[in-house]
Amino acid sequence: MGSSALMSIATRAMFANYAALQTTGHNIANASVTGYSRQEVQLQTANGQFTGAGFFGKGVDVKTVARAFDQFLLRESVATRSMAAFDSERLDRLSQLERVFSGGEQGVGHAAGEFLNAVVDMASHPQDLAARQVVLSRAGDLARRFTTAGEQLDAIQTGVTDALRAAVARVNELSANIAQVNDRIAVAKGTGHTPNDLLDQRDQLIAELGSYMEVTTIPADDGTISVFVGGGQRLVLGAQSLKLDLSPDPYDASRMALGIVETSGVRALPYTLVGSGSVGGLLRFQDDDLVRARTLLGQMASAVASTVNTQQSYGLDLRVPPGSGAPLFAVGAPQALPAQTNARTGTGAFVSNVALTVTDAQQLQASEYSLVNNGSAWVLTRLADGSSQTVVDGSVVDGFRISLGTPAPAATDRYLLQPVTRAASGMARVLDDPRALAAALPVTADTAPANTGSATVSALRVVSTTVNPQNTATITFTNANGAYNWELRDRTTNALVSSGAGTWTAGQPIALNGFELDLAGVPATGDVFTVGKTLYPGSNNGNALAMAALRDALIVGRVGNGAGGLTGGRTVTDAWADAMGDIGVRAQSARTAAEISTQVAANAEQALSERTGVNLDEEAARLMQFQQGYQAAAKVLQIAQSVFDTLLDAAQ
Numbered sequence: 043m044g045s046s047a048l049m050s051i052a053t054r055a056m057f058a059n060y061a062a063l064q065t066t067g068h069n070i071a072n073a074s075v076t077g078y079s080r081q082e083v084q085l086q087t088a089n090g091q092f093t094g095a096g097f098f099g100k101g102v103d104v105k106t107v108a109r110a111f112d113q114f115l116l117r118e119s120v121a122t123r124s125m126a127a128f129d130s131e132r133l134d135r136l137s138q139l140e141r142v143f144s145g146g147e148q149g150v151g152h153a154a155g156e157f158l159n160a161v162v163d164m165a166s167h168p169q170d171l172a173a174r175q176v177v178l179s180r181a182g183d184l185a186r187r188f189t190t191a192g193e194q195l196d197a198i199q200t201g202v203t204d205a206l207r208a209a210v211a212r213v214n215e216l217s218a219n220i221a222q223v224n225d226r227i228a229v230a231k232g233t234g235h236t237p238n239d240l241l242d243q244r245d246q247l248i249a250e251l252g253s254y255m256e257v258t259t260i261p262a263d264d265g266t267i268s269v270f271v272g273g274g275q276r277l278v279l280g281a282q283s284l285k286l287d288l289s290p291d292p293y294d295a296s297r298m299a300l301g302i303v304e305t306s307g308v309r310a311l312p313y314t315l316v317g318s319g320s321v322g323g324l325l326r327f328q329d330d331d332l333v334r335a336r337t338l339l340g341q342m343a344s345a346v347a348s349t350v351n352t353q354q355s356y357g358l359d360l361r362v363p364p365g366s367g368a369p370l371f372a373v374g375a376p377q378a379l380p381a382q383t384n385a386r387t388g389t390g391a392f393v394s395n396v397a398l399t400v401t402d403a404q405q406l407q408a409s410e411y412s413l414v415n416n417g418s419a420w421v422l423t424r425l426a427d428g429s430s431q432t433v434v435d436g437s438v439v440d441g442f443r444i445s446l447g448t449p450a451p452a453a454t455d456r457y458l459l460q461p462v463t464r465a466a467s468g469m470a471r472v473l474d475d476p477r478a479l480a481a482a483l484p485v486t487a488d489t490a491p492a493n494t495g496s497a498t499v500s501a502l503r504v505v506s507t508t509v510n511p512q513n514t515a516t517i518t519f520t521n522a523n524g525a526y527n528w529e530l531r532d533r534t535t536n537a538l539v540s541s542g543a544g545t546w547t548a549g550q551p552i553a554l555n556g557f558e559l560d561l562a563g564v565p566a567t568g569d570v571f572t573v574g575k576t577l578y579p580g581s582n583n584g585n586a587l588a589m590a591a592l593r594d595a596l597i598v599g600r601v602g603n604g605a606g607g608l609t610g611g612r613t614v615t616d617a618w619a620d621a622m623g624d625i626g627v628r629a630q631s632a633r634t635a636a637e638i639s640t641q642v643a644a645n646a647e648q649a650l651s652e653r654t655g656v657n658l659d660e661e662a663a664r665l666m667q668f669q670q671g672y673q674a675a676a677k678v679l680q681i682a683q684s685v686f687d688t689l690l691d692a693a694q
């Protein structure tokens with residue numbers, strides 16, 4: 043009986059050490075496998091056998107094989123990895139965007155400067171067709187810079203779309219795999235032991251899923267784990283998984299929208315809900331950074347094209363007979379994009395459509411707008427800063443007019459307004475005849491020879507297409523304090539058209555008949571100034587000078603002051619520099635965030651590896667320990683066999 047018990051103890055000891063050797067060998071074999079957690083055999087003392095002399099031990103039992111696991115460190119590793127993927131993905135895209143907003147000779151600012159410099163040359167030689175052709179060439183270069191930049195932004199958007207498609211396909215694959223592993227774990231859980239390798243596999247799948255989207259996990263009693271994304275939207279529940287859906291944005295089909303497919307339909311997941319992960323980074327870039335880049339570029343394109351075209355319309359060209367200047371540039375039209383859920387007719391067309399018309403391109407802001415009905419009024423929200431206001435049909439906001447259409451939109455309709463988003467992509471030079479450049483002003487200012495004051499004409503500007511060269515303006519000062527009388531007479535019949543009085547103040551122009559006259563010096567009583575039709579447009583450069591002055595004019599992003607005037611604004615080159623700075627700051631912030639989050643993720647992964655990973659030196663030491671234990675148990679078995687043989691011999 044004694045030898046039998048001793049043999050049982052030895053056998054149990056050999057099995058326990060063999061199990062430990064097998065587990066150690068498994069650890070060594072998987073030391074380089076990503077996501078593998080160190081395993082170890084858990085032993086427990088076998089219940090002793092009672093005898094009259096007390097309890098005698100019966101050896102050791104293998105309780106189970108457990109894996110090294112730390113829920114906190116695992117959760118930190120997944121979360122930091124997700125944030126690092128978000129920052130890294132966004133940085134990659136912003137780096138591409140930085141190359142679009144480049145400085146130097148390749149930038150839009152340089153092209154705008156070259157165009158206006160060519161206008162200066164034309165102003166010096168208004169009759170020179172070669173100088174005029176250079177202006178057209180530089181105008182074409184400027185338009186192409188804007189168009190090329192717009193095309194580059196489209197190419198970046200295509201890259202984002204492709205990356206999102208690949209990421210969503212992988213997320214759907216991962217969620218399905220997690221559900222399958224959940225099912226296998228639940229089945230294995232019935233054995234009373236944990237399937238360590240399956241648990242590692244699931245943790246690795248969840249970690250990879252976290253690199254695409256921010257995830258939250260909740261364990262269940264059956265060993266499964268439920269996975270939630272997008273602020274609480276379930277993606278995996280037990281052995282069931284849902285799929286993500288990537289489809290064109292409900293407003294702008296050039297962008298992509300993320301959703302999760304549920305039994306009731308597709309629930310939208312905007313980037314603000316997706317959170318971190320590479321998918322979150324891509325959506326953040328698409329819906330924020332890329333939109334900002336498009337609107338900055340479009341704001342400049344609209345302001346430049348409109349301002350140049352307006353100034354061109356004030357002048358006279360070199361054709362015979364001279365005519366008003368035709369538009370030099372065209373830009374992409376403003377858009378009001380209806381939501382796909384808006385009311386439709388039986389044929390599928392939208393019942394009502396909103397239209398936008400640019401009224402003052404200098405006041406256009408670098409933003410898109412949402413237009414929704416709050417139940418009692420239409421609310422326009424500038425998405426760049428969140429400012430809102432109520433609007434009605436015909437309201438003019440930030441340099442554009444909103445027309446609500448007929449019939450009026452339904453209260454449930456929604457719109458995305460894009461006054462400048464596509465302006466740069468559609469920019470083109472539309473004037474090809476160098477003679478059609480309007481270098482001359484339709485009117486010319488003269489000083490009466492008999493004037494006795496020191497006042498001279500310092501500048502004459504046409505500020506409206508209502509200027510009528512057929513009318514001659516005569517301005518006569520009635521005292522030395524700036525008081526004057528004025529009259530407009532038909533230059534052919536000398537008939538009086540209109541008259542009036544005013545007071546001139548130094549630094550302030552005299553505005554009449556669609557022009558502004560600036561005086562330098564001080565006029566004396568009786569001094570006379572006349573503004574009449576330009577008799578020789580071919581040699582006049584007044585409008586070319588006004589166009590060249592746009593180089594230093596504040597024409598981008600101006601704001602109404604509430605009194606009918608405008609404040610603020612930037613020059614074209616300053617606006618381009620500001621746009622470069624805006625994108626550069628975003629890229630630099632993303633670069634810093636990526637460096638920090640990558641390091642944090644590496645530290646979290648290192649901490650998890652130290653807790654759950656395989657250390658080959660430690661495993662080698664354990665291997666020797668369990669080998670010695672196995673050899674000792676074998677020796678006990680040998681002695682038990684010898685004792686048993688001795689007993690048999692004694693019994694014969």
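Offset between the sequence shown (1-based) and my numbering: plus 42.
Positions of the beta carbon are idealized from the N, C-alpha and C atoms, including for glycine.
1. What would DSSP say about Pro449, mapped onto helix, strand or coil?
2. Quick test of your reading: Phe519 and Asp569, contact by CB under 8 angstroms. State the CB separation rounded to the nearest angstrom.
3. Are Ala703 and Thr640 touching if we call contact CB-CB under 9 angstroms?
4. Of all the options Ala310, Gly274 and Ala218, which has the alpha carbon lying nearest to the alpha carbon of Gln282?
5. Label Ile260 either buried or exposed according to how many other C-beta atoms from any shown protein chain fall within 10 Å of its C-beta, with 16 as the threshold for buried.
6. Helix, strand or coil, according to DSSP, for Thr203 in the structure here?
7. Sorted by chain position, which residues of the same chain lie with C-beta nearer than 7 angstroms to Ala586's C-beta, five sequence neighbours on each side aside?
8. Skipping 5 residues on each side, what residues in its chain have a beta carbon closer than 7 angstroms to that of Val699?
9. Which two residues bound the contiguous beta strand (DSSP E) that contains Arg109?
10. Would you kindly check if the distance between the Cβ of Ala88 and the Cβ of Gly99 is under 9 angstroms?
11. Going by Cα to Cα distance, which pick from Glu661, Val685 and Ala391 is closest to Ile70?
12. Can you tell me where the beta strand (DSSP E) with Thr337 in it begins and where it stops?
13. Candidates Thr534, Gly524, Thr535 and Gln550: which alpha carbon is nearest Ala543's?
14. Which residue spans inside the stretch 484 to 532 form an unbroken alpha helix (DSSP H) run of at least 4?
15. So, is Ser409 buried or exposed, given that buried needs 16 or more other C-beta atoms within 10 angstroms?
16. Under 8 angstroms by Cβ, that's how I've got Met56 and Ala675 pegged, so tell me the actual separation to the nearest angstrom.
17. In the structure shown, what three-state DSSP assignment does Gln23 receive?
18. Is Arg612 helix, strand or coil by DSSP?
19. Would you mind sorting Glu250 into buried or exposed? The rule is 16 or more other CB atoms within 10 Å of its CB.
20. Between which residues of its own chain and Arg723 is the CB-CB distance below 8 angstroms, once the five residues before and five after are set aside?
21. For Asn555, which option in Phe97, Ser540 and Ser268 has the closest C-alpha, if you only look at C-alpha atoms?
22. Taking 9 angstroms as the cut-off, decide whether the C-beta atoms of Ile198 and Leu139 are in contact.
23. Give me, in chain order, the residues of the same chain whose beta-carbon lies closer than 6 angstroms to that of Asn384; leave out the 5 immediate sequence neighbours on both sides.
24. So Val308 is in the beta strand (DSSP E); what residue range does that whole segment cover?
25. Output the distance between the C-alpha atoms of Gln354 and Leu158, rounded to the nearest integer angstrom.
26. Tell me the rounded alpha-carbon separation between Pro484 and Val573.
27. Is Leu690 buried or exposed, if buried means 16 or more other CB atoms sit within 10 Å of its CB?
28. Between the alpha carbons of Val598 and Gln404, how many angstroms are there, rounded?
29. When DSSP labels each residue in this structure, what does Lys285 get in the three-state scheme?
30. Given a cut-off of 9 angstroms on the beta-carbon distance, is the pair Leu206 and Gln328 in contact?
31. What did DSSP end up calling Trp618 once you bin it into helix, strand or coil?
32. Roughly how many angstroms separate the alpha carbons of Ala209 and Val321, rounded to a whole number?
33. Just tell me which of Gly374, Leu458, Gln341 and Ala617 has its CA closest to the CA of Arg297.
34. Going by the CB atoms, is the gap between Arg593 and Gly182 shorter than 9 angstroms?
35. Check whether the stretch 616 to 623 and the stretch 140 to 154 are in contact - that is, three or more C-beta pairs closer than 8 angstroms.
36. Within 10 angstroms of its Cβ, does Glu131 collect 16 or more other Cβ (buried), or is it exposed?
Per the coordinate set shown:
1. coil
2. 5 angstroms
3. The question about residue 703 has no answer here: the residues shown for the chain are numbered 43 through 694.
4. Ala218
5. exposed
6. helix
7. Val161, Met164, Ala165, Pro168 and Ala481
8. Residue numbering for the chain in the displayed model covers 43 to 694; residue 699 lies beyond these limits and cannot be assessed.
9. Val102 to Arg109
10. yes
11. Glu661
12. Where Thr337 is concerned, there is no enclosing beta strand (DSSP E), although the alpha helix (DSSP H) it sits in stretches over Leu332 to Tyr356.
13. Gly524
14. none
15. buried
16. 4 angstroms
17. The requested residue 23 is not part of the displayed model; the chain covers only 43 to 694.
18. strand
19. buried
20. Residue 723 falls outside the range modelled here, since the chain spans only 43 to 694, and no answer is possible.
21. Ser540
22. yes
23. Phe392 and Asp455
24. Gly307 to Ala310
25. 13 angstroms
26. 10 angstroms
27. exposed
28. 5 angstroms
29. coil
30. yes
31. helix
32. 7 angstroms
33. Leu458
34. no
35. yes
36. buried
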